[in-house]
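Chemist:
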Amino acid sequence: MNKPLRRIAIFCGLLVLTLLLRDNWLQYVKADTLKTDPKNRRVTIARYSTPRGDIIVDGDPVTGSTASSSSSLNDLKYKRTYKNGPMWAPVTGYASQAFGANQLESLEDGILTGDDDRLFFRNTLGMITGKQKQGGNVVTTLNAAAQNAAYNGLKKQGGKGAVVALDPATGKILALASYPSYDPSAFAGTSDKDAEAWKKLQKKYNPNDPMLNRALRETYPPGSTFKVVTAAAALQNGLYTSADQATKSPLPYVMPGTTTELKNEGSIPCKNATMRIALRYSCNTVFGKIGADLGNDKMLAEAKKFGFDQEQFTPVRSSASVFSDDMNQSQTALSSIGQYNTAATPLQMAMVASAVANDGKLMKPYMIDKLQSPNLDTISQTDPEEMSQPLSAANAQILQSMMETVVKEGTGTNAQISNATVGGKTGTAQHGVENSENPYAWFISYAKLPDGSKPVAVAVVIEDDQANRDDISGGGLAAPIAKSVMEAVINSKK
796 MNKPLRRIAI
806 FCGLLVLTLL
816 LRDNWLQYVK
826 ADTLKTDPKN
836 RRVTIARYST
846 PRGDIIVDGD
856 PVTGSTASSS
866 SSLNDLKYKR
876 TYKNGPMWAP
886 VTGYASQAFG
896 ANQLESLEDG
906 ILTGDDDRLF
916 FRNTLGMITG
926 KQKQGGNVVT
936 TLNAAAQNAA
946 YNGLKKQGGK
956 GAVVALDPAT
966 GKILALASYP
976 SYDPSAFAGT
986 SDKDAEAWKK
996 LQKKYNPNDP
1006 MLNRALRETY
1016 PPGSTFKVVT
1026 AAAALQNGLY
1036 TSADQATKSP
1046 LPYVMPGTTT
1056 ELKNEGSIPC
1066 KNATMRIALR
1076 YSCNTVFGKI
1086 GADLGNDKML
1096 AEAKKFGFDQ
1106 EQFTPVRSSA
1116 SVFSDDMNQS
1126 QTALSSIGQY
1136 NTAATPLQMA
1146 MVASAVANDG
1156 KLMKPYMIDK
1166 LQSPNLDTIS
1176 QTDPEEMSQP
1186 LSAANAQILQ
1196 SMMETVVKEG
1206 TGTNAQISNA
1216 TVGGKTGTAQ
1226 HGVENSENPY
1236 AWFISYAKLP
1246 DGSKPVAVAV
1256 VIEDDQANRD
1266 DISGGGLAAP
1276 IAKSVMEAVI
1286 NSKK
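The letter at position 42 of the sequence shown is residue 837 when you use the numbering used here, and the numbering goes up by one with no holes.
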């Protein structure tokens, strides 16, 4: 071979090598980036080329698919539909041809579209036989009756708020409601009508922010419901050893290092009160002093055992609830009654009630029971998982007796259920600069049946800007909703 031909051959070889390198770079190194690039329409086309699998509640789908007629582009064949969309949106999220997907619709997109590697053999076989690719199903842990009670309770109340219900023994999420909500069907397509519906739901145009998942993503000062955590810390650290032991709680109580008295609401018997009496009447002085006496480190350690200061994945992400470190005694006192920097999601406070009900064992919360192939074979099953042990069984039972007193003869009587024993704690949390805005109304609870089982724990929070300030209380606004959710779970097990 003469010299010019050899040079041409080498040059061509380098071109082929460069092409191979580029091809491998795109297919293997950049594949995930290109796949998720919003400008890559192939992913969207594939996602809506066949009907999606369904999200299932109590054996019935709450989602569906329909032939898309509104798409301005003919390559998007199917559009997502939702049954009772606003009620289930905090669980399902949305899948929109124009605006993407979130929550379960996004996290389990591979299963729902049929693209998950675990469905590879079935899809390959379908290609050989000419069968259309099918998506699998996401079977949730949700209880339809409980979700209905939660959502409609919030809707009837008329303000903003959220409800979470858990199975204490397993961590299964039984209800996850947020209000106001939205209908994912309203913007599932690509028409001008869909675009206008999406625009109206954005916080910029709608200050009520209906697309905010308040059950998982909003943190509120938990107010007096946090006193359950403070009582747990007192028992676990041996500060007090029973519910009926007198506490060393003066009245008035001046917070350490200050000249500021910590006030109680009204004239209630808080001086040296037992923890049972203090929880029944919701004595700020007793629980504030407990927090100050234990100190920041011990209070923080106990709060973390309940899940504070860490995100939860259900698998939808929940914001981290907050109990601060590096606080002085007076700040710790305020935080120990659920004020100052303390903030919690409704999921977090349901976890607190759940751990107490489950004899001190906190189970990891989850909302997917199993994933199914198109022929309903189980691909994966979620097993209950212990998350932590905030309380010994003995101390949990002491705290249960205290919470049951709250409902029998304290601030939580509106949550009483016939043929069940209910434990609970009300809370009215300050809101705004110097408590200038309407407070938040809280209630956390659990129900115990005559056979000793405790099938449900609930947290409810209400924020009502329009209500008369004097009418806002956890026992008045939140407890009746918690009661209806607990009754729904109990009745569904009969």
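Where a beta carbon is used, it is the ideal one built from N, C-alpha and C, also for glycine.
Every value quoted in this text rests on a predicted model; they were computed, and no experiment measured them.
#1: So the candidates are 1140, 1111 and 1094; which of them puts its Cα closest to the Cα of residue 1132?
#2: By alpha-carbon positions, which one of 1174, 1249, 1213 and 906 ends up nearest to residue 1192?
#3: Rounded to the nearest angstrom, what separates residue 802 and residue 891 at their Cα positions?
#4: Measure from the alpha carbon of residue 896 to the alpha carbon of each residue in 1276, 1224, 879 and 875, then state which is nearest.
#5: Around the Cβ of residue 1256, are there at least 16 other Cβ atoms within 10 angstroms (buried) or fewer (exposed)?
#6: Looking at the structure shown, is residue 843 part of a helix, part of a strand, or coil, going by DSSP?
#7: Note down, in chain order, each residue of its chain lying with its Cβ closer than 7 Å to the Cβ of residue 965, except the 5 sequence neighbours on either side.
#8: Hey, quick one: how far does the alpha helix (DSSP H) through residue 1258 stretch, first residue to last?
#9: Please state the DSSP three-state secondary structure of residue 982.
#10: How would you write the range of the beta strand (DSSP E) that residue 956 sits in, first residue to last?
#11: Judging by CA-CA distance, which residue of 1027, 1053, 1003 and 1048 is the nearest neighbour of residue 1067?
#12: Run the CB neighbour count on residue 997, radius 10 Å, all protein chains shown included, and call it buried at 16 or more, exposed below.
#13: Within 10 angstroms of its Cβ, does residue 1108 collect 16 or more other Cβ (buried), or is it exposed?
#14: Just mark residue 811 as buried or exposed, buried being the case when its beta carbon has 16 or more other beta carbons within 10 Å.
#15: Does the structure place the stretch 926 to 940 close enough to the stretch 1117 to 1124 that three or more beta carbon pairs sit under 8 Å?
#16: Could you tell me which residues DSSP pairs with residue 874 in its beta bridges?
#17: Mapping DSSP to helix, strand and coil, what is residue 1211?
#18: For residue 1076, which residues of its own chain have a beta-carbon under 6 Å away from its beta-carbon, when the five flanking residues on both sides are left out?
#19: Using the Cα positions of residue 893 and residue 1106, report the straight-line distance between them to the nearest angstrom.
#20: Beta carbon of residue 1141, beta carbon of residue 1284: below 9 Å?
#21: Decide yes or no for the touch test of the stretch 986 to 993 against the stretch 1162 to 1171: beta carbon pairs closer than 8 Å, at least 3 of them.
#22: How many Å lie between residue 1002 and residue 1246 at the Cα?
#23: Just to confirm before moving on: does the CB-CB distance between residue 945 and residue 1023 stay below 9 Å?
#24: What did DSSP end up calling residue 1183 once you bin it into helix, strand or coil?
#25: Specify whether the stretch 1029 to 1036 and the stretch 1050 to 1059 touch according to this definition: at least 3 beta carbon pairs, one from each stretch, less than 8 Å apart.
#26: Quick check: is any heavy atom of the ligand GTP less than 8 Å from the C-beta of residue 910?
#27: In the DSSP assignment, find the unbroken alpha helix (DSSP H) run with residue 1063 in it and report its ends.
#28: Mapping the DSSP letters down to three states, classify residue 1046 as helix, strand or coil.
#29: Just to confirm before moving on: does the CB-CB distance between residue 1112 and residue 971 stay below 9 Å?
#30: Drop a sphere of 10 angstroms on the beta-carbon of residue 1266, count the other beta-carbons inside from all chains shown, and report buried for 16 or more, exposed for fewer.
#31: How about the stretch 838 to 851 and the stretch 938 to 954: do they share at least three Cβ pairs that are nearer than 8 Å?
Modeler: Reading off the structure:
#1: Within the sequence shown, numbered from 1, the residue matching residue 1132 stands at position 337. The option with the nearest alpha carbon to residue 1132 is 1094.
#2: On the sequence shown, position 397 is the one that residue 1192 refers to. Ranking the options by Cα distance to residue 1192, first place goes to 1249.
#3: Counting from 1 along the sequence shown, the entry for residue 802 is found at position 7. Counting from 1 along the sequence shown, the entry for residue 891 is found at position 96. Between residue 802 and residue 891, the C-alpha separation is close to 55 Å.
#4: Here residue 896 refers to the residue found at position 101 of the sequence shown. Per the Cα distances, 875.
#5: Counted from its first residue, the sequence shown places residue 1256 at position 461. Result: buried.
#6: Numbered from its first residue, the sequence shown carries residue 843 at position 48. Reduced to three states, the DSSP call for residue 843 is coil.
#7: Counting from one through the sequence shown, the residue named residue 965 turns up at place 170. Contacts found: 1158 and 1179.
#8: Counting from 1 along the sequence shown, the entry for residue 1258 is found at position 463. Where residue 1258 is concerned, there is no enclosing alpha helix (DSSP H), although the beta strand (DSSP E) it sits in stretches over 1251 to 1258.
#9: Start at 1 with the first residue of the sequence shown, and residue 982 comes out as number 187. Note: residue 982 maps to helix in three-state DSSP.
#10: On the sequence shown, position 161 is the one that residue 956 refers to. Residue 956 -> beta strand (DSSP E) spans 955 to 961.
#11: One-based indexing of the sequence shown puts residue 1067 at position 272. That would be 1048, whose Cα lies nearest to the Cα of residue 1067.
#12: Translated into positions along the sequence shown, residue 997 becomes position 202. So residue 997 counts as exposed.
#13: Taking the sequence shown and counting its residues from 1, the one referred to as residue 1108 is at position 313. Looking at its Cβ environment, which holds fewer than 16 other Cβ atoms inside 10 Å, residue 1108 is exposed.
#14: The count along the sequence shown starts at 1 and reaches residue 811 at position 16. Exposed.
#15: no
#16: Residue 874 sits at position 79 when you count from the first residue of the sequence shown. The partner list for residue 874 (beta bridge, DSSP) reads 861.
#17: The residue given as residue 1211 occupies position 416 in the sequence shown. Correct three-state label for residue 1211: coil.
#18: Within the sequence shown, residue 1076 is the residue found at index 281, counting from 1. So the list reads 1063, once near-sequence residues are dropped.
#19: Mapped onto the sequence shown, residue 893 falls at position 98. Mapped onto the sequence shown, residue 1106 falls at position 311. Rounded to whole angstroms, residue 893 to residue 1106 spans 29 Å at the Cα level.
#20: One-based indexing of the sequence shown puts residue 1141 at position 346. One-based indexing of the sequence shown puts residue 1284 at position 489. Their beta carbons are not under 9 Å apart, which means residue 1141 does not touch residue 1284 by this criterion.
#21: no
#22: In the sequence shown, residue 1002 corresponds to position 207, counting from 1. In the sequence shown, residue 1246 corresponds to position 451, counting from 1. Between residue 1002 and residue 1246, the C-alpha separation is close to 47 Å.
#23: Here residue 945 is taken as the residue at index 150 of the sequence shown, counted from 1. Here residue 1023 is taken as the residue at index 228 of the sequence shown, counted from 1. Contact flag unset, no.
#24: Taking the sequence shown and counting its residues from 1, one reaches residue 1183 at position 388. In the structure shown, residue 1183 sits in a strand (DSSP, three-state: E or B).
#25: no
#26: For the structure depicted, the ligand GTP is absent and the ligand set is empty, with no information on it obtainable.
#27: Start at 1 with the first residue of the sequence shown, and residue 1063 comes out as number 268. Per DSSP, residue 1063 belongs to no alpha helix (DSSP H) and is neither H nor E.
#28: To locate residue 1046, count along the sequence shown from 1; it is residue 251. Correct three-state label for residue 1046: coil.
#29: Within the sequence shown, the letter at position 317 stands for residue 1112. Within the sequence shown, the letter at position 176 stands for residue 971. No. Outside cutoff.
#30: Here residue 1266 refers to the residue found at position 471 when the sequence shown is read from its first residue. Confidence at residue 1266 is low in this model, with a pLDDT of 36, below 50, so its placement is unreliable and the value that follows should be read with caution. Exposed, because fewer than 16 other Cβ atoms sit within 10 Å of the Cβ of residue 1266.
#31: no
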